[in-house]
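First up is the structure itself, then whatever we jot down about it.
In the working numbering, the protein residues as written are 6 to 300.
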């Protein structure tokens, strides 16, 4: 009989170099086997919790010239400063890496999975199709995921810890909304002090012997448009007057819908997805820009 195990992973931190510019960019299918299964999380803490130094390679200036939204308009800035809640994407935003790509690489299927991730983030294939296809390439077991968490702590993006602290100091509620997996996001949330109820993410499913059997398709973030659904649920439940979504991909941009996010800020400090950035209300390349804008 399958068991439900709670996710508990001790925190670790990332030390990052900051940029001081107030606004200028910092260059620097659906599938699951029909079994009577339960969620199984990670119940062991990593044996060694070392700080991970995170860095981002500078972007070429030529890639920025055509973007006209790297500085906020007066209305965007005012809406940002009046935000009651901020929802963050996790992979390539809060963290430098795409979690599923890292797990796949750890399990020996990195290249094939990374190609699917690129297609999913660009919006060229339905998210649920890409998620199922990627997982089917390596079928991670419970023990593999546990081993991965112990040996590969997440690398946080420069400035994210300070940024979240700044938001909290201003009584702005923080959420993590991800197409990744709770098993891998819980340690990140622990570092940032984001409570479990403020996490919207997917769940890997394992059988009684720890074998991979799929993912929970009931999670809104397991399908296209899921982040928009999650944001709408958050807003309806808490009646926030102003809510902002920050991320790098097409699924994050989708959150800016009626009843959803008022603003979409594209964080391009890790990945610059030009089709997404072009439609953003504001494009930033460093969290320092957002920290300074709240002063």
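Using N, Cα and C, we set each Cβ at its ideal position, and we do this for glycine too.
Model, not experiment: these values are computed from the prediction.
query = Based on the DSSP secondary-structure assignment, which residues constitute the bridge partners of residue 90?
reply = 178 and 248
message = Please identify the residue among 260, 108 and 271 whose C-alpha is closest to the C-alpha of residue 283.
response = 271
ask   = Would the segment 86-106 and the segment 118-127 be scored as touching if the rule is three or more Cβ pairs under 8 Å?
value = yes
query = Should residue 209 and residue 150 be called a contact, given that it needs their Cβ atoms to be closer than 9 Å?
reply = yes
Residue 89 beta carbon less than 9 Å from that of residue 241 = no
ask   = Fully enclosed by the segment 220-277, which alpha helix (DSSP H) runs are 4 residues long or longer?
value = 231-243 and 255-258
query = Rounded C-beta distance between residue 292 and residue 273? I'm assuming under 8 Å.
reply = That belief does not hold up - the Cβ atoms of residue 292 and residue 273 are roughly 11 Å apart, past 8 Å.
message = Closest to residue 239 by C-alpha separation, out of 255, 265 and 222, would be which residue?
response = 265
message = Please list the terminal residues of the continuous beta strand (DSSP E) segment that includes residue 137.
response = Per DSSP, residue 137 belongs to no beta strand (DSSP E); it is in the alpha helix (DSSP H), 132-141.
ask   = What are the boundary residues of the alpha helix (DSSP H) that residue 111 is part of?
value = 104-111
query = Straight-line CA distance for residue 295 to residue 141?
reply = 38 Å
ask   = So what does residue 288 bridge to, in DSSP terms?
value = 271
ask   = So, are the CB atoms of residue 161 and residue 189 less than 9 Å apart?
value = no
inquiry  = Classify residue 156: buried if its beta carbon has 16 or more other beta carbons within 10 angstroms, exposed otherwise.
reply    = exposed
query = Below 8 Å, can you find three or more Cβ-Cβ pairs linking the segment 192-203 to the segment 212-231?
reply = no
ask   = Do you know offhand how far residue 10's Cα is from residue 86's?
value = With a pLDDT of 38 at residue 10, under the threshold of 50, the predicted position of this residue should be treated as unreliable, and no value is reported.
ask   = Can you tell me where the beta strand (DSSP E) with residue 203 in it begins and where it stops?
value = Element bounds for residue 203: n/a, residue is neither H nor E.
inquiry  = I'd like the list of long-range same chain contacts for residue 237, defined as Cβ closer than 6 Å, with 5 residues on each side in sequence excluded.
reply    = 264 and 265
key: Under 9 Å between C-beta atoms of residue 105 and residue 186   = yes
query = Could you give the distance in angstroms between the alpha-carbon of residue 170 and the alpha-carbon of residue 83?
reply = 20 Å
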